[in-house]
Amino acid sequence: MVTIGCVIKTPGSSKNNKTGSWRTFKPILDKEKCIDCDNCIIFCPDSSVNKQHDINYDYCKGCGICAHECPSDAIEMVKE
Amino acid sequence: MTKEIMTANKAVAEAARLAKPKVIPVYPITPQTTISEYLAQYVADEKIDANYVKVESEHSAISAAVGASCAGVRVFTATSSQGLMLMHEILFAAAGMRAPFVLADANRAISAPLNIWNDQQDSIAQRDAGWLQIYVENAQEALDTTLMAYKVSENPKVLLPSMVCLDGFILTHTVEPVEIPDQEPVDEFLPPYKPEHAYLDPKDPMSIGNLADPDYYLEARHDMQVAMENSIDVIQETCDEFAEIFGRKYGLVEPYKTEDADIIFVAMGSICSTIRVIVNQLRDQGEKVGLLKIRAYRPFPVEAIDEAVKDCQKLAVVDKNVTFGIGGALYTDVKAKIHKEAYGFIAGLGGRDITPEAILEMYEKTKNPVKEVTWIGLKEE
Amino acid sequence: MDIPDKDLLSPGHRGCAGCGASIAVKLALNALGENTVAISATGCLEVMTTPYPETAWEVPFIHVAFENSGAVASGVEAALRIQGKDDVNVVAFGGDGGTVDIGLQSLSGAMERGHNLTYICYDNEAYMNTGIQRSGATPFGATTTTSPKGVASFGEDKPKKDMPMIMAAHGIPYVATASIAYPEDFVNKVKKAAAVKGPAYIHLQQPCTTGWGFDSSRTIELGRLAVETGSWILYEIENGEFKITFTPEERKPVTEYLSQQKRFRHLEEEQISKIQKFVDAQCAELGL
Numbered sequence: 001m002v003t004i005g006c007v008i009k010t011p012g013s014s015k016n017n018k019t020g021s022w023r024t025f026k027p028i029l030d031k032e033k034c035i036d037c038d039n040c041i042i043f044c045p046d047s048s049v050n051k052q053h054d055i056n057y058d059y060c061k062g063c064g065i066c067a068h069e070c071p072s073d074a075i076e077m078v079k080e
Numbered sequence: 001m002t003k004e005i006m007t008a009n010k011a012v013a014e015a016a017r018l019a020k021p022k023v024i025p026v027y028p029i030t031p032q033t034t035i036s037e038y039l040a041q042y043v044a045d046e047k048i049d050a051n052y053v054k055v056e057s058e059h060s061a062i063s064a065a066v067g068a069s070c071a072g073v074r075v076f077t078a079t080s081s082q083g084l085m086l087m088h089e090i091l092f093a094a095a096g097m098r099a100p101f102v103l104a105d106a107n108r109a110i111s112a113p114l115n116i117w118n119d120q121q122d123s124i125a126q127r128d129a130g131w132l133q134i135y136v137e138n139a140q141e142a143l144d145t146t147l148m149a150y151k152v153s154e155n156p157k158v159l160l161p162s163m164v165c166l167d168g169f170i171l172t173h174t175v176e177p178v179e180i181p182d183q184e185p186v187d188e189f190l191p192p193y194k195p196e197h198a199y200l201d202p203k204d205p206m207s208i209g210n211l212a213d214p215d216y217y218l219e220a221r222h223d224m225q226v227a228m229e230n231s232i233d234v235i236q237e238t239c240d241e242f243a244e245i246f247g248r249k250y251g252l253v254e255p256y257k258t259e260d261a262d263i264i265f266v267a268m269g270s271i272c273s274t275i276r277v278i279v280n281q282l283r284d285q286g287e288k289v290g291l292l293k294i295r296a297y298r299p300f301p302v303e304a305i306d307e308a309v310k311d312c313q314k315l316a317v318v319d320k321n322v323t324f325g326i327g328g329a330l331y332t333d334v335k336a337k338i339h340k341e342a343y344g345f346i347a348g349l350g351g352r353d354i355t356p357e358a359i360l361e362m363y364e365k366t367k368n369p370v371k372e373v374t375w376i377g378l379k380e381e
Numbered sequence: 001m002d003i004p005d006k007d008l009l010s011p012g013h014r015g016c017a018g019c020g021a022s023i024a025v026k027l028a029l030n031a032l033g034e035n036t037v038a039i040s041a042t043g044c045l046e047v048m049t050t051p052y053p054e055t056a057w058e059v060p061f062i063h064v065a066f067e068n069s070g071a072v073a074s075g076v077e078a079a080l081r082i083q084g085k086d087d088v089n090v091v092a093f094g095g096d097g098g099t100v101d102i103g104l105q106s107l108s109g110a111m112e113r114g115h116n117l118t119y120i121c122y123d124n125e126a127y128m129n130t131g132i133q134r135s136g137a138t139p140f141g142a143t144t145t146t147s148p149k150g151v152a153s154f155g156e157d158k159p160k161k162d163m164p165m166i167m168a169a170h171g172i173p174y175v176a177t178a179s180i181a182y183p184e185d186f187v188n189k190v191k192k193a194a195a196v197k198g199p200a201y202i203h204l205q206q207p208c209t210t211g212w213g214f215d216s217s218r219t220i221e222l223g224r225l226a227v228e229t230g231s232w233i234l235y236e237i238e239n240g241e242f243k244i245t246f247t248p249e250e251r252k253p254v255t256e257y258l259s260q261q262k263r264f265r266h267l268e269e270e271q272i273s274k275i276q277k278f279v280d281a282q283c284a285e286l287g288l
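Chains as they are written, first to last, in the working numbering: chain A, 1 to 80; chain B, 1 to 381; chain C, 1 to 288.
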């Protein structure tokens, strides 16, 4: 059974797909070093950093953009 | 109700006006052009409260139609021939996205060689797109069928787009008296379109036109088959309701003197008028002959055809199209689904006149057959 | 920059790790807000965000085909406006292939007709969804699978089609270039585009880790290098008035940008100096 025309009526339902399993490197944030520039939030392709700079490992694919764009080197990529 | 002398193109435009579409994306092409002109004028004169989108191609006409229909409004468009061919890809998308709008096709031959005259190759080439296809015989039927098409397409059991096919020039550019219904009974027959399956509203977001992998695609296409099967009953019910309100009776097919006929012509569109004259002429000579006009080509009304031809001996199937390498499309469909001795006649391609003599020749070649498929009217070297 | 409570492009989408298109769409939708209808051409974006029965879109979304997002958006816009929904933002997304190549006619029609909508081209400079084939937006010298380096070839031998200027020639009220590496600049432009009455076009450069050949962590860095070397110039044309919106303090040589990408790594001095000359001329012309 599919919906008529395969219309998807649950917005944001991609969240069922936990892309965290793709990850081989994991970002670890040292909040002591964080200067609240929000680069990690703005540039995350997977919306995996919240306003408090907590990383959501359910979806983080481990691309490393957050670590690379962090001006205070507060994020380290660690092998899973 | 008023009665006016008009072309079938005007009749279609009148029907579109009465159906109150909200978006009309159209692009001109012979012989459809006057439909797009009439509608432009109606919008300019505020006879329709619609956005008339002056698109830059038929491809964009059908694309804008799908976008508008999925946004939740009633949509009308029209085209012909090469324009319908340019729409081909998006015709499939429209049906797959279950966008129930109506397209009028002024039937015209396909290039090459370039030819602007009538045959039915253009719409026949789209028969697998998932659209309902209804062929009409005259201007009144063009108007009535356009109105009924909305009602059928928008039925929750169907939700597929409809193509109203009218013969180019023969119908689109000749005038006949046509009854134009009043707005009030039309509104009663065809209430405003309120889709539940798909719309674009920020208050209730949904995604339309998605990717479906092998786990889902088969079911999506099967649903369309079921919808097409459902449309058989819906078309008949809609015709019955239409007859009650407006007094004109239509059906999936239209039998003429078929009850005791030995040979029955099977045909679509304006040629049925000529065939009816020949049927009467042959009847006067004591021949037992009839005509079965096919109005609904998709869905293909097998039961209705079976019922009409059950007591005859042979069928003479007339095609204004060709499926190269096998025969006419209507003929091959009849051969596949109707268990009767049948002969196919390909005629009238590119506007070649199908004369009364040509129809008599078809009758003769069904009575005394030489081969299964015959091209009628070919000039000898 | 304002950080919204919730992104309007949800995670769980199938974009590559480090995907620039996801960043682009997330920023654009957040700038537009919930009262938005989105249209997409076929391409990476559509495929990675809507595998049935899951969608990443938090706003209404429609996709029909590859070459017609301009026309689909026209139909959507016409339908919303006739219903009196004048305040709804209509935004169409297309990749570079869907915009500068196969979708050009449909887009041109939509722009010329004056629909009140915003079209955003997320330009990753090749057909990435089908596996890195050249498009009209592929820059001079880049290798793709259909403009490969070979004995008689150094890669793509034509410069990139100047799409923003083609759009500007339509006389529409707003045209801009942007980069995902300059999010504030991009977000401002999206807001301006949505605010103008009539069509707006934003051409956004979006580095692609898979297609360009760089580590997934460097998506933003590559965007920055493109702008810092003058290879990609940030400007806007508002009601016909041209304005550079970002000027690098000191323009870096193009090698600093080219050498970081696998698609340019084969280039020899001759081609690199050609690219430098081309970039210099472009910067001089636009006043950078």
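Where is the CB? At the ideal position from N, CA and C, for every residue including glycine.
Check                                                                                                             : Outcome
As assigned by DSSP and simplified to three states, the class of V178 (chain B)                                   : strand
Short CB-CB distance (under 8 Å) between S106 (chain C) and chain B                                               : yes
Residue from B:Y135, B:E179, B:R276 with nearest C-alpha to M1 (chain B)                                          : B:E179
R113 (chain C) at chain B interface by Cβ criterion, 8 Å                                                          : yes
Min CB distance K9 (chain A) to chain B below 8 Å                                                                 : yes
Closer than 8 Å to chain A by CB, S231 (chain B)                                                                  : no
Collapsed DSSP secondary structure at M304 (chain B) in the structure displayed                                   : Per the sequence shown, the amino acid found at residue 304 (chain B) is Ala instead of Met. Looking at A304 (chain B) - three-state DSSP - the assignment turns out to be helix.
Rounded separation between V136 (chain B) and S162 (chain B) - CA only                                            : 13 Å
H88 (chain B) at chain C interface by Cβ criterion, 8 Å                                                           : no
For P185 (chain B), three-class secondary structure by DSSP                                                       : helix
Classification of H222 (chain B) by the beta-carbon crowding that lies within 10 angstroms, buried from 16 upward : exposed
Distance between M148 (chain B) and E141 (chain B) (C-alpha atoms, nearest Å)                                     : 10 Å
Cβ-based neighbour list, A226 (chain C), same chain, cut-off 8 Å, excluding 5 preceding and 5 following           : S179, A181, Q205, P207, W232, Y257
Option nearest S74 (chain C) by Cα separation, candidates B:V53, B:E89, B:V289, B:A94                             : B:V53
Identity of the residue in B:T174, B:R352, B:M228 nearest L378 (chain B) by Cα                                    : B:R352
C-beta neighbour in chain F for S72 (chain A), strict 8 Å                                                         : Within the model displayed, chain F is absent; protein chains A, B and C are what it includes.
Alpha carbon of Q236 (chain B) to alpha carbon of Y250 (chain B), nearest angstrom                                : 8 Å
Through-space distance from D96 (chain C) to G230 (chain C), alpha-carbon basis                                   : 20 Å
Short CB-CB distance (under 8 Å) between G67 (chain B) and chain A                                                : no
Buried or exposed by the 16-neighbour rule on C-beta atoms within 10 Å, applied to E46 (chain C)                  : buried
Opposing strand residues paired with N89 (chain C) [DSSP bridges]                                                 : C:T36
Bounding residues of the alpha helix (DSSP H) (the contiguous stretch that carries H88 (chain B))                 : 81–96
Short CB-CB distance (under 8 Å) between L80 (chain C) and chain B                                                : yes
Within-8 Å CB hit, D201 (chain B) to chain C                                                                      : yes
Inter-residue spacing [alpha-carbon to alpha-carbon] between Y127 (chain C) and R224 (chain C)                    : 22 Å
Whole-angstrom distance between D215 (chain C) and S72 (chain A), CA atom to CA atom                              : 20 Å
Buried or exposed by the 16-neighbour rule on C-beta atoms within 10 Å, applied to Q133 (chain B)                 : buried
Within 8 Å, strictly: CB atoms of P28 (chain B) and A65 (chain B)                                                 : no
Residue-chain proximity (Y52 (chain C), chain B), Cβ-Cβ < 8 Å                                                     : yes
Neighbour list for M206 (chain B) in chain C, Cβ cutoff strictly below 7 Å                                        : P60
Against chain C: residues of the region 44–66 of chain B by CB proximity under 9 Å                                : D49, A50, N51, Y52, V53, K54, V55, E56, S57, H59, S60, A61, I62, S63, A64, A65, V66
Cβ shell of D182 (chain B) (< 6 Å), same chain only, five flanking positions each side left out                   : M1
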